[in-house]
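Per this note's numbering, the sequence shown runs over residues 4 to 213.
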Amino acid sequence: MALGTRAPLDPLDLFGDGFVRDPYPWLDRLRAEAPVTYHPDTGLWLVSRYDEVRRALLDPALFRPDNALRAVTPLPVAALRILARAGFTLPPALANNGTPSHPGLRRVVTRFFNAERVAAAVPVIQRVAEDLLDAVRSELDATGRCELFSSFAQVLPCRVLMELLGIRGVTPATLIRWSDASLELFWGRPTFDRQRELAVLVGEFHKSSP
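Listed below in structure tokens is the structure:
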């Protein structure tokens, strides 16, 4: 990969409203003009074209994944203290594990998401989707409108995973709130005060885990 070429795309704001709402024009330009480019705001390299992505994924010795779960916006001491009080740890998993333990972890995961298990989950997915669509129809009948993202698209994968993994004692809304907080804290650009608020939610998420 040619890493020395700077992209003629400055300024590219990965956290800006324009990119978040519609990233596809930017992604098209990246693939066409700068498939591998350094992003100074995050200190990361952006790899956007299939061939380069495939090469990076298939060469873990050269392209190590160890930084995959590091916070894009550095965490202040105040947020780190909140996480520490909750006992939060982030040991190497699949996404950020370039050690010899990666293949073993991958084998464990694939046992739960092989073709047979995925096929067996289809009736669960259909049932949950139908339940959510019934609620959508009721809301449409009552009000004439419905927000499909929050009522269906956002809840469907959460409800399915909760049923498949046997998660009890917590509502989908709570899991979604915790998940969104984790995404924003580690891969967003929150302010100092917001980082502390998010750290509390991430700590709650961690403490709820078995």
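Built from N, CA and C at the ideal position, the CB exists for glycine as well.
Within 10 angstroms of the beta-carbon of R88 lie fewer than 16 other beta-carbons, which makes it exposed. Your pair G206 and L72 does not check out as a contact, with CB atoms roughly 16 Å apart and the cut at 8 Å. Unbroken alpha helix (DSSP H) stretches of 4 residues or longer found wholly inside the segment 108-142: 118-123, given in chain order.
Judged by pairs of C-beta atoms under 8 Å, the segment 121-141 does not touch the segment 97-105, as fewer than three such pairs exist. For V173, there is no enclosing beta strand (DSSP E), as DSSP marks it with neither H nor E.
Excluding residues up to 5 positions away in sequence, G101 lie with their Cβ nearer than 7 Å to the Cβ of P63 in the same chain. V131 is positioned such that its CB atom lies no closer than 8 Å to that of L167. In the three-state reduction of the DSSP assignment, V75 falls in the coil class. L33: member of the alpha helix (DSSP H) spanning Y27 to E36, first to last residue. By the CB criterion at 8 Å, F208 and W181 fall inside the cutoff. A straight-line Cα-Cα distance of about 29 Å links L60 and D20.
With contacts defined as CB atoms closer than 8 Å, L15 and W29 qualify as a contacting pair. Going by DSSP, L60 is part of the alpha helix (DSSP H) stretching over Y53 to L60. Around the C-beta of L143, fewer than 16 other C-beta atoms lie within 10 Å, and the residue is accordingly described as exposed. In chain order, T76, L78, P79, A81, A82 and L188 place their CB closer than 8 Å to the CB of Q198, counting only its own chain and leaving out the 5 sequence neighbours on each side. Annotation for L97: no beta strand (DSSP E) segment contains it, and DSSP assigns it neither H nor E. In the three-state reduction of the DSSP assignment, T40 falls in the strand class.
Within the same chain, Cβ atoms closer than 8 Å to the Cβ of H42 are found at L15, L17, W48 and L49, the five residues on either side in sequence being excluded. DSSP places L15 outside both helix and strand once states are collapsed to three, so it counts as coil. Counting along the chain, L49 sits inside the beta strand (DSSP E) bounded by residues L47 to V50.
Here A64 carries a coil assignment [DSSP, helix/strand/coil]. With a cutoff of 8 Å on beta-carbon distance, F115 and L136 are scored as not near each other.
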